[in-house]
Each structure stands twice: as structure tokens, then as C-alpha cells.
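*Asks:* Here it is, the structure, as C-alpha cells.
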Amino acid sequence: MHEHDVYRLYAENDVMQVLTLPYKDPTYALSILLPKKRFALDAIRNKTSGAELRRLLNQAKIKLMKISLPKMKIETKFELKKALISMGVTEMFTDNADLSGITKVPLKVSDVAHKALIEVGEDGTTAAAATVSNMFRISGMIFSEDPISFIANHPFMFVLTKN
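Under the working numbering, residues 248 to 410 are what the sequence shown spells out, in order.
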């Protein structure tokens with residue numbers, strides 16, 4: 248994904264840049280944490296607390312950006328049946344399952360899985376069924392700021408957030 252002269256939410260501290268890409272559903276966003284030093288991802292991952300990440304995301308401001316992100320597609324699938332059984336959720340997997348609240352047909356659950364997808368392409372980012380919305384320069388407004396470069400040409404991490 249390559250974007251030039253676009254406005255995006257951006258924050259930084261002394262060790263990383265944080266770019267936030269909005270989805271069509273504004274309650275979701277993809278935030279990319281890019282170390283300022285090429286091989287510093289492990290150090291940042293080990294030292295960045297949830298509170299520090301939240302602070303950075305909260306201080307993000309809309310900035311003029313030049314963005315370059317690699318194409319990527321990450322799909323994961325988690326089998327949940329064993330986890331649910333270990334937490335004591337067992338009846339729904341037996342012949343005695345009472346699912347009458349969702350169907351009148353007698354059913355039981357045979358398996359449970361969760362599948363997630365994050366994809367970044369030339370048109371933006373997709374998470375499950377949500378698509379990124381684009382922000383654009385408002386005509387008639389003149390900004391003299393230089394664009395901030397966010398060039399993800401080395402390892403980074405990301406978080407998918409919901410307001």
C-alpha cells in the first residue's frame with residue numbers, strides 16, 4: 248500500500264512511529280507500530296506496555312503522511328472446543344444440549360472454531376469483513392506542513408483496536 252499526501256492518525260515517541268488506519272466501521276482501526284531503528288522490534292515488543300500503547304494511541308493527531316506498507320495477508324484459525332471444555336462449557340457438545348433459544352430443532356455442537364483475517368493491499372487494509380475508509384485533503388484548506396514518512400521496510404507489529 249502506497250499513499251502520498253494523505254491525512255492519517257499518527258503518533259510517535261523516541262523509539263517508534265505509530266500509524267492508525269481507519270476502517271469503514273469507525274469503531275475499528277489498524278495501528279502499526281514501526282521501530283525507528285531497523286532491528287529494534289524485539290526491544291520495543293518487550294518494553295512497550297499496554298498503558299504505553301494506549302497513551303500513544305490516545306495522543307495520535309491527524310498528520311499529512313507519505314505511507315509505504317508491504318502487501319500482507321495473515322489468516323489464523325483457532326480450534327476452541329478443547330478450550331471451552333477445559334473451562335467447563337461441556338453440555339453443548341452432548342446429546343443433552345439445550346439450544347432451544349436459537350432453534351426448535353434438537354441440535355448439539357460438534358466443534359467450535361474462530362477464524363480471523365488481516366490483509367493489507369494496494370487499496371488499503373481489510374479485517375474480516377471490514378474495509379478501510381480513505382481520508383482525503385479538504386479542498387480550500389492550505390497546509391504548509393511537510394508529509395511525515397512512514398516507510399515500513401523493516402519488521403513492525405500491529406494491533407487491531409475497537410473503540
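Glycine is no exception: its CB is placed at the ideal position from the N, C-alpha and C atoms.
Everything numeric in this text was worked out from a predicted model, so none of it was measured.
Roughly how far, in whole angstroms, is the beta-carbon of Ser278 from the beta-carbon of Ala399, given that I think they are within contact range, below 8 Å?
*Replies:* Walking along the sequence shown from the start, residue 278 turns up at place 31. Walking along the sequence shown from the start, residue 399 turns up at place 152. That pair is no contact at about 12 Å.
*Asks:* Relative to the alpha-carbon of Glu430, which residue among Asp272, Leu354, Gln264, Thr373 has its alpha-carbon at the smallest distance?
*Replies:* Residue 430 is absent from the model: the chain starts at 248 and stops at 410.
*Asks:* Does the stretch 326-343 touch the stretch 292-306, meaning 3 or more C-beta pairs lie closer than 8 Å?
*Replies:* no
*Asks:* Gly368 to Phe286, Cα distance in whole Å?
*Replies:* As a position in the sequence shown, residue 368 is number 121, starting the count at 1. As a position in the sequence shown, residue 286 is number 39, starting the count at 1. Near 24 Å, if we compare the C-alpha coordinates of Phe286 and Gly368.
*Asks:* Grab the span of the alpha helix (DSSP H) containing Gly297 for me, first residue to last.
*Replies:* Translated into the one-based positions of the sequence shown, residue 297 becomes position 50. First-last of the alpha helix (DSSP H) with Gly297: 297-305.
*Asks:* Could you round the C-beta distance between Asn410 and Thr274 to whole angstroms and report it? I think they count as a contact, below 8 Å.
*Replies:* On the sequence shown, position 163 is the one that residue 410 refers to. On the sequence shown, position 27 is the one that residue 274 refers to. With a beta-carbon spacing of about 5 Å, Asn410 and Thr274 fall inside the 8 Å limit used to define contacts.
*Asks:* Determine the closest residue to His251 out of Leu281, Asp358, Ile395, Val336, with distance taken between C-alpha atoms.
*Replies:* Translated into the one-based positions of the sequence shown, residue 251 becomes position 4. Of the candidates Leu281, Asp358, Ile395, Val336, the one whose C-alpha sits nearest the C-alpha of His251 is Ile395.
*Asks:* If you reduce the DSSP assignment to three classes, tell me which class Ala363 lands in.
*Replies:* Taking the sequence shown and counting its residues from 1, the one referred to as residue 363 is at position 116. Of the three classes helix, strand and coil, the one that applies to Ala363 here is strand, per DSSP.
*Asks:* Just checking my contact of Arg255 with Lys310 at CB under 8 Å: how many whole Å lie between their CB atoms?
*Replies:* Here residue 255 refers to the residue found at position 8 of the sequence shown. Here residue 310 refers to the residue found at position 63 of the sequence shown. With a Cβ gap of about 7 Å, Arg255 and Lys310 count as contacting.
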